[in-house]
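In UniProt numbering, the protein residues as written are 1 to 477. Glycine included, C-beta positions come from ideal geometry on N, C-alpha and C.
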Amino acid sequence: MSQPSTVPQVGKDPNIQEPTRPGTSMKYLGGRPFYQYLFAYTIAGMFLFSCYSAIPGILLPNQVQMVEFQAYFGDYPHVTSEVLQQLASGTYTGADAAELMDIYNQYDGARASAMSVVSAVGSLFTMFAQPIVGVISDRWKSRWGRRSFWICSGGFVGALLMIGLRYSTTILLITIFWVVAQVALNFMQAPLVTTIADRTPENRLATVSAFSGIGTMVGMLAGSLVAGNAFNAMGLDAYYIFAILVSFGAACFVLLAKDRSSKELELPHFDVMAFVIGFTIALRDRDYRWVWFARLLMMLGYTSSTTFNLYILQSYVRPALTQAEANAMVPILSLVAMPGMIIMMLVSGRLSDKLGRRKPFVIYSSFALMALYALPAVWPTVASLLIMSALSGFAFGAFMTVDQALFIDVLPDPEAAGRDLGVANAATNIGQMLAPVVAGQLVARIAGAAGYRMIYVFAMVMLLLAALAIYPVKKVK
């Protein structure tokens with residue numbers, strides 16, 4: 001049986017290349033179809049990643065803090081945000097100062113511990129959500145194509161769960177709604193990203209990837225800025241903003257970048273056990289295993305130092321900030337890191353290619369981050385956090401760019417690159433999952449500013465180990 005031609009047929013749009021396999025997607029060769037897809041993808045990705053930045057970075061920490069504040073200070077109506085600021089700074093002089101200080105230390109540990117649970121459980125489920133929906137969407141048959149149903153349903157279900165999250169009044173409910181919402185958003189994200197491979201010809205991949213990266217960074221920065229200001233203005237109703245944005249992004253993509261029907265899709269046999277076991281193959285390779293552990297340690301250190309920025313600004317820096325001031329400052333910490341990150345993403349990859357070296361970039365960027373984290377550890381001020389954030393953008397941008405190339409260089413089986421790079425992403429997810437648990441326990445078990453200082457000490461140790469883990473790699477210079 002002959003396969004359909006890949007050459008655009010007479011009477012068809014010459015900017016669209018029809019699929020070679022029944023039930024798969026067309027390719028956008030250029031013109032209006034390509035730019036319409038690019039616009040729709042950028043909007044959907046930008047709005048999706050604004051949620052990833054706004055909710056775990058601003059809205060969830062504030063919501064957890066509100067729940068714990070009510071639990072510990074509900075019987076003290078005179079305790080306001082300003083009083084909390086004074087307690088954190090050690091300047092409160094009321095008659096009940098000793099009593100409130102003791103309660104404050106308990107409250108500080110409780111909110112950090114609760115936030116660590118919410119973050120860790122969400123990351124755990126996310127780690128499994130993307131590969132699962134990836135396999136399901138590869139085999140999905142519908143008149144709307146393989147990916148559209150999951151992009152649309154993930155966005156809309158995620159939006160509804162955000163609204164449910166807004167009305168959650170206990171840590172248990174917050175955890176449940178955020179975990180399921182995060183899974184839904186990942187069910188949107190994985191098929192959305194896969195459309196790049198589905199619909200983009202090789203000579204357009206760099207363009208789409210560049211817009212994807214720009215949309216991600218703009219979305220995350222804008223999400224943090226909007227969330228910080230929106231929470232100060234409208235409280236938890238800020239969740240509605242992001243519910244609307246992610247719904248609009250999903251609908252925009254499905255309507256503007258319509259796919260071919262996948263009803264005629266021919267499905268090969270799928271062996272579940274072989275699929276699961278396949279993810280362990282790469283880790284049997286010595287060099288790959290060292291690079292994988294280095295990535296995990298880097299993300300464990302980096303994320304542990306950023307997870308509690310909102311609380312660090314209220315309880316660690318001197319002078320301490322109020323809740324509203326901290327909400328406004330968290331996005332600025334992200335903003336000042338952006339220029340360095342963008343510059344190094346553009347420069348370090350090309351320089352690494354030109355020199356034919358990977359290991360020095362990964363090792364020295366890890367050492368640089370380690371040195372920078374000493375700054376807030378010994379000088380707990382907003383100024384030190386701003387300096388650290390601005391300079392760490394350079395180091396982290398270099399690490400992530402060249403580390404990805406290093407992973408590709410040490411792949412044990414280039415024919416299974418998709419699977420093995422997915423395993424590399426698991427190192428990122430595991431690091432992000434463990435980081436809030438460790439950081440939360442440090443704050444919960446070590447009262448006062450010392451607990452937050454230990455977060456930076458822990459991060460420095462992890463970054464040192466990340467750098468050392470690259471030295472044994474043999475295949476790559």
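Distance from the CA atom of Ala210 to the CA atom of Met345, rounded to whole angstroms, is 11 Å. Counting only runs of 3 or more residues that sit fully inside the region 115–203, no beta strand (DSSP E) segment turns up. In this structure, the alpha-carbon of Gly223 lies about 21 Å from that of Leu38. Counting along the chain, Glu266 sits inside no alpha helix (DSSP H), nor does DSSP assign it H or E at all. Burial check for Gly213: the Cβ neighbour count within 10 Å stays below 16, so the residue is exposed.
When DSSP reads this structure, Ile16 sits in a beta bridge with Tyr28. At a Cβ-Cβ threshold of 8 Å, Tyr316 and Ala449 count as neighbours. Comparing C-alpha distances from Ile43 to each of Ile151, Phe34, Ala250 shows the shortest one belongs to Ala250.
Pairing Ile470 with Trp290 gives a Cβ-Cβ distance under 8 Å.
In this structure, the beta-carbon distance from Phe308 to Val443 falls below 8 Å. Bounds of the alpha helix (DSSP H) holding Thr280 are 272–281. Under the 10 Å beta carbon count, Gly94 is surrounded by fewer than 16 other beta carbons and is classified as exposed. By a beta-carbon distance limit of 8 Å, Phe394 contacts Ile343. Their separation comes to about 7 Å.
Here the alpha carbon of Leu468 sits roughly 29 Å from the alpha carbon of Thr126.
Taken atom to atom, the span from the alpha-carbon of Val473 to that of Leu465 is near 14 Å. The Cβ neighbour count for Tyr104, taken over all protein chains shown within 10 Å, is at least 16; the residue is labelled buried. In this chain, the alpha helix (DSSP H) harbouring Val347 covers 323–355. The beta carbon of Gly30 sits closer than 7 Å to the beta carbons of Asn15 from its chain, once the five residues preceding and following it are set aside; these are given in chain order.
With a beta-carbon spacing of about 14 Å, Leu165 and Tyr52 fall beyond the 8 Å limit used to define contacts.
Spanning the alpha carbons of Thr170 and Val67 requires a straight line of approximately 7 Å. With distances taken between CA atoms, Met220 lies nearest to Phe49 out of Phe49, Leu434, Val378. Cβ contact annotation for Phe248 (same chain, cutoff 7 Å, sequence separation greater than five): Phe47, in chain order. Around the beta carbon of Thr401, a 10 Å sphere encloses 16 or more other beta carbons of the protein chains shown; the residue is thus reported as buried. Rounded to the nearest whole angstrom, the CA to CA distance from Glu266 to Asp413 is 26 Å.
The beta carbon of Arg318 is closer than 7 Å to those of Ser89, Pro380, Thr381 in its chain, skipping five residues each way along the sequence. Look at Leu221 here: in three-state DSSP terms it is helix. Of the residues assessed, Arg111 falls on the buried side of the cut-off, its CB having 16 or more other CB atoms within 10 angstroms.
Take Ala159, set aside five residues on each side of it, and the residues of its chain with a beta-carbon closer than 6 Å to its own are Ala243, Val246, Ser247, in chain order. Around the C-beta of Pro339, fewer than 16 other C-beta atoms lie within 10 Å, and the residue is accordingly described as exposed. Two segments are said to touch when three or more pairs of C-beta atoms, one from each, lie closer than 8 Å; by this definition the region 185–199 touches the region 145–160. C-alpha of Val347 to C-alpha of Phe399: approximately 12 Å in a straight line. By the neighbour-count criterion, in which a residue is buried when 16 or more other Cβ atoms sit within 10 angstroms of its Cβ, Arg350 is exposed. By alpha-carbon distance to Thr322, the top candidate from Ser352, Val83, Arg21, Trp144 is Val83. Judged by their CB atoms, Gly431 and Leu300 are nearer to each other than the 8 Å cut-off. One thing to note: Pro61 has its Cβ no nearer than 8 Å to the Cβ of Met101. Around the beta carbon of Tyr167, a 10 Å sphere encloses fewer than 16 other beta carbons of the protein chains shown; the residue is thus reported as exposed.
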